[in-house]
Amino acid sequence: MSLRLGDIAPDFTADSTEGKINFHSYLGDSWGILFSHPADYTPVCTTELGAAAKLKEEFGKRNVKMLALSVDGIDSHHAWIKDINETQHTTVNFPIIADEDRKVSELYDMIHPNANEKLTVRSVFIIGTDKKIKLIITYPASTGRNFDELLRVIDSLQLTANYSVATPADWKHGEDVVIAPAIKNEDIPAKFPKGHKEIKPYLRTTPQPNL
Ligand code: BEZ
Numbered sequence: 082m083s084l085r086l087g088d089i090a091p092d093f094t095a096d097s098t099e100g101k102i103n104f105h106s107y108l109g110d111s112w113g114i115l116f117s118h119p120a121d122y123t124p125v126c127t128t129e130l131g132a133a134a135k136l137k138e139e140f141g142k143r144n145v146k147m148l149a150l151s152v153d154g155i156d157s158h159h160a161w162i163k164d165i166n167e168t169q170h171t172t173v174n175f176p177i178i179a180d181e182d183r184k185v186s187e188l189y190d191m192i193h194p195n196a197n198e199k200l201t202v203r204s205v206f207i208i209g210t211d212k213k214i215k216l217i218i219t220y221p222a223s224t225g226r227n228f229d230e231l232l233r234v235i236d237s238l239q240l241t242a243n244y245s246v247a248t249p250a251d252w253k254h255g256e257d258v259v260i261a262p263a264i265k266n267e268d269i270p271a272k273f274p275k276g277h278k279e280i281k282p283y284l285r286t287t288p289q290p291n292l
């Protein structure tokens, strides 16, 4: 059965460009982002890993550890990283799993046979400090991901994990958020002392509470 939000992210041990990794130990007390790319030495993947590397500090600020994966081998990964660093003007600074036996890809259902029998799709799993899956996104091989969007989503996940709020469409860090429907009007002043607006009884907003 495929993985769903709220499931414990399956643990595994795998070879990576930074040595053998046990996933849960690697995550420790951090959040995690596990993302697959279809193959080494492909153009979109080259740009994606470059974009991800440039944002490592931003992921770090959010206490998120990065882990990439493809079904190619370690030697291929190491040689390709040199190309990524050269062409994307960065330094790949997180491990890439060499999933040649597809153990991890299968565990995370990253191979979608009707898209491609052998290569992984562009899967993204965001995992919380409780090791539970908070977000799953799947892109086809032909569409590179937007890593700024992944940071935006992490900002929302981390905020909504700690406050009774949700984030509206296109929300960005610093903007007003939506008060969770479960919160009664009479409880709002104590929970959200910065004030709130009632646009409709079911649509109440408040300034981002953790700023
Ligand atoms: C790419 O990363 O450019 C790519 C990989 C597999 C299929 C199509 C594009």
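In my numbering, the protein residues as written are 82 to 292.
For each residue, glycine too, the CB sits at the ideal point set by N, CA and C.
Just so we're clear, the structure is a prediction, and the values are computed from it rather than from any experiment.
Short of 8 Å from the beta carbon of G209, and not among the five residues preceding or following it, lie these beta carbons of its own chain, in chain order: W112, K215, L238, A242. Judged by DSSP secondary structure, Y220 falls within the beta strand (DSSP E) whose first and last residues are 214-220. By the rule of a C-beta closer than 5 Å to any heavy atom of ligand 1, the residues picked out are P119, T123, P124, V125, C126, A222. Cβ contact annotation for A149 (same chain, cutoff 6 Å, sequence separation greater than five): F116, I177, in chain order. According to the DSSP secondary-structure assignment, D96 is paired through a beta bridge with K101.
In this structure the segment 220-230 lies against the segment 121-129, because at least three pairs of beta carbons, one per stretch, are closer than 8 Å.
Inter-segment contact for the segment 156-176 and the segment 262-279 is absent: fewer than three beta-carbon pairs are separated by less than 8 Å. By DSSP's assignment, F206 forms a beta bridge with L115, I217. Counted as a single uninterrupted DSSP element, the stretch harbouring S157 is not any beta strand (DSSP E) but the alpha helix (DSSP H) occupying residues 155-169. Residues of the same chain with a CB within less than 7 Å of the CB of V145, apart from the 5 flanking positions on each side, are S111, W112, G113, I114, I235 in chain order.
For A196, no alpha helix (DSSP H) run applies, since DSSP gives it neither H nor E. Looking from the CA of R285, the closest CA among L292, G276, N291 belongs to G276. For K184, the enclosing alpha helix (DSSP H) has its first and last residue at 184-188. Under a 10 Å Cβ-count criterion, L292 is classified as exposed, with fewer than 16 other Cβ atoms of the shown protein chains found around its own Cβ. Per DSSP, I235 lies in no beta strand (DSSP E); the unbroken alpha helix (DSSP H) holding it starts and ends at 228-243. When the Cα atoms are used, S157 and R143 turn out to be separated by approximately 30 Å.
Three or more Cβ pairs closer than 8 Å define a contact, and the segment 93-101 meets that threshold against the segment 179-186. If you draw a straight line from the Cα of F273 to the Cα of E198, it is about 50 Å long. Note that the C-beta distance between A90 and K253 is not below 9 Å. Within a 10 Å sphere around the beta-carbon of I280 sit fewer than 16 other beta-carbons, which makes this residue exposed.
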